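Undergrad: Per the numbering used here, numbering of the sequence shown is gapless, rising by one per residue and ending at 357.
Just so it is clear, CB atoms sit at the ideal spot from N, CA and C, and this is done for glycine as well.
On a predicted model such as this, the values are computed, not experimentally measured, just so you know.
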Amino acid sequence: MTKLRPSAIPFLTILLAPQLHAQDATTRYQTACIGFYNLENLFDTIDSPDTDDKEFLPNSAKQWTSARYHEKLEHMARVIAEIATDIDPDGVRVLGVSEVENRGVLDDLVRVPTLAERGYRVVHKDSPDRRGVDVGLLYDPKHFTFLDQRSYVLSNPEDTAFRTRSQLLVKGVMDGDTIHVIVAHWPSRRGGEARSRPLRILAGQLGRHIVDSLLARDPEARIFYMGDLNDDPVDKSLRMGLGVVGDKRYATNGKMFDPMMDLYNKGIGSLAWRDSWNLFDQIAISPGAVAEGKDHFHYYGVRVFNQPYLRQNEGNFTGYPFRTFVGDNYMGGYSDHFPVYVVLVRPDGHVGTSY
Numbered sequence: 003m004t005k006l007r008p009s010a011i012p013f014l015t016i017l018l019a020p021q022l023h024a025q026d027a028t029t030r031y032q033t034a035c036i037g038f039y040n041l042e043n044l045f046d047t048i049d050s051p052d053t054d055d056k057e058f059l060p061n062s063a064k065q066w067t068s069a070r071y072h073e074k075l076e077h078m079a080r081v082i083a084e085i086a087t088d089i090d091p092d093g094v095r096v097l098g099v100s101e102v103e104n105r106g107v108l109d110d111l112v113r114v115p116t117l118a119e120r121g122y123r124v125v126h127k128d129s130p131d132r133r134g135v136d137v138g139l140l141y142d143p144k145h146f147t148f149l150d151q152r153s154y155v156l157s158n159p160e161d162t163a164f165r166t167r168s169q170l171l172v173k174g175v176m177d178g179d180t181i182h183v184i185v186a187h188w189p190s191r192r193g194g195e196a197r198s199r200p201l202r203i204l205a206g207q208l209g210r211h212i213v214d215s216l217l218a219r220d221p222e223a224r225i226f227y228m229g230d231l232n233d234d235p236v237d238k239s240l241r242m243g244l245g246v247v248g249d250k251r252y253a254t255n256g257k258m259f260d261p262m263m264d265l266y267n268k269g270i271g272s273l274a275w276r277d278s279w280n281l282f283d284q285i286a287i288s289p290g291a292v293a294e295g296k297d298h299f300h301y302y303g304v305r306v307f308n309q310p311y312l313r314q315n316e317g318n319f320t321g322y323p324f325r326t327f328v329g330d331n332y333m334g335g336y337s338d339h340f341p342v343y344v345v346l347v348r349p350d351g352h353v354g355t356s357y
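As structure tokens, then:
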């Protein structure tokens, strides 16, 4: 097997302060960061009667014990606490998450001492996925006021028994700006990319429907569509389903700007498979959040958070994300995905970190 060296995994560095000053020597800018993280099967150890969670029980092949569960919580808390702190000491103000079993595991996560001082709050709704795998959202109440949530179920007209993760829409006010965050985890590539592709196209079309419904009420709505989409930015489900473009100049008439397109073209990924990188973890942005303005946050940059401790440093998978499990073998790592986040800026006001 070809090893992916840590040095081969680019860390996108944005030198924010100098560039912001270069834009306008007389203007100071506030920053805000929002992100997404696939937590790789954050399950509790309790057998749920409503879902098929037998893979993550103490007596399963994975031996998912309380000790392992709490180590997983500590690991996830460490990562979340560190995301974007080089940009803003408060870290991410909003974080979408996937591969969580229920609200309880998210409540446990935000109570871990590493995160507790942030005071993150949880938005979650159970989805119809048979394994009980859900998406959710964490937000910092010092910066984000929750207003509303809605869950959208993905159905398949050709298979009425089809069940998968719902898409979660959360509306809130982030430091004075009303934003809409959609968190998704599209159907996997199990059975092959081509065979499973129609399901991800359906997921993209559902996402497009949610975005269009928001834009119909407010054409300048600031919308962030994020998730593990199980496709790369160039795939049909993104281009034709969700309707993304890779150049923000063309983010007009409802087209979503996907900044991950540029990263993908540079060989940057958020997960590795068979000695190559994919960028399934994405954040697409509506025109209203791309357009620069004096009174609202707008897109500035994007990062894949791939610090050295999140990478496998030895063996056949050197350079891959340092994951919790490989099959049923416990690795004791973090996740098989790297987190991603976007940096937003606006001219200075009374809140946020300024440069």
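If you follow the beta strand (DSSP E) that Gly106 is part of, which residue opens it and which one closes it?
TA: Along the sequence shown, one-based indexing puts residue 106 at 104. Looking at the DSSP string, Gly106 is not in any beta strand (DSSP E); the run it does join, the alpha helix (DSSP H), is Arg105 to Arg113.
Undergrad: With burial defined as no fewer than 16 other Cβ atoms inside 10 Å of the residue's Cβ, what is the status of Glu195: buried or exposed?
TA: Walking along the sequence shown from the start, residue 195 turns up at place 193. The residue is exposed, with fewer than 16 neighbouring Cβ atoms inside 10 Å.
Undergrad: With C-beta atoms as the reference, is Val114 less than 9 Å away from Val124?
TA: Translated into positions along the sequence shown, residue 114 becomes position 112. Translated into positions along the sequence shown, residue 124 becomes position 122. No, these two residues do not count as a Cβ contact at 9 Å.
Undergrad: With a cut-off of 8 Å on the beta carbons, I'd call Phe307 and Val342 a contact; round off their distance for me.
TA: Locating residue 307 in the sequence shown gives position 305, counting from the first residue. Locating residue 342 in the sequence shown gives position 340, counting from the first residue. Contact holds; Cβ gap of about 7 Å.
Undergrad: Drop a sphere of 10 angstroms on the beta-carbon of Gly269, count the other beta-carbons inside from all chains shown, and report buried for 16 or more, exposed for fewer.
TA: Residue 269 sits at position 267 when you count from the first residue of the sequence shown. Exposed is the call here.
Undergrad: Note down the Cα distance separating Met78 from Thr320, rounded to an integer number of angstroms.
TA: Here residue 78 is taken as the residue at index 76 of the sequence shown, counted from 1. Here residue 320 is taken as the residue at index 318 of the sequence shown, counted from 1. Roughly 21 Å between the two C-alpha positions.
Undergrad: Fully enclosed by the region 159 to 187, which beta strand (DSSP E) runs are 3 residues long or longer?
TA: If we require 3 residues or more, the beta strand (DSSP E) runs fully inside the region 159 to 187 come out as 169 to 176 and 179 to 187.
Undergrad: Could you compute how far the alpha carbon of His339 sits from the alpha carbon of Asp283?
TA: Counted from its first residue, the sequence shown places residue 339 at position 337. Counted from its first residue, the sequence shown places residue 283 at position 281. Rounded to whole angstroms, His339 to Asp283 spans 8 Å at the Cα level.
Undergrad: Tell me, please, whether the region 239 to 256 touches the region 202 to 211 by the rule of three or more beta-carbon pairs shorter than 8 Å.
TA: Yes: the two stretches touch, three or more of their Cβ pairs being nearer than 8 Å.
Undergrad: Measure the C-alpha to C-alpha separation of Asp249 and Gly134 and round it to an integer number of angstroms.
TA: Locating residue 249 in the sequence shown gives position 247, where the first residue counts as 1. Locating residue 134 in the sequence shown gives position 132, where the first residue counts as 1. Each residue's alpha carbon lies about 36 Å from the other.
Undergrad: Could you tell me the distance, in whole angstroms, from the CA atom of Lys238 to the CA atom of Glu101?
TA: Locating residue 238 in the sequence shown gives position 236, counting from the first residue. Locating residue 101 in the sequence shown gives position 99, counting from the first residue. If you take the alpha carbons of Lys238 and Glu101, they lie about 24 Å apart.
Undergrad: Going along the chain, which unbroken runs of the alpha helix (DSSP H) with 4 or more residues stay wholly within the region 230 to 311?
TA: Complete alpha helix (DSSP H) runs here, min 4: 262 to 267 and 289 to 292.
Undergrad: Are the region 296 to 316 and the region 55 to 67 touching, with three or more C-beta to C-beta distances below 8 Å?
TA: Not touching, per the Cβ criterion.
Undergrad: Which residues in the same chain have their Cβ closer than 6 Å to the Cβ of Lys257, if we skip the five residues on either side of it in sequence?
TA: Numbered from 1 along the sequence shown, position 255 holds the residue referred to as residue 257. These residues qualify, in order along the chain: Gly245 and Val247.
Undergrad: What are the boundary residues of the beta strand (DSSP E) that includes Pro150?
TA: Looking up residue 150 in the sequence shown gives position 148. Pro is not the amino acid found at residue 150; the sequence shown has Asp there. Start and end: Phe146 to Tyr154.
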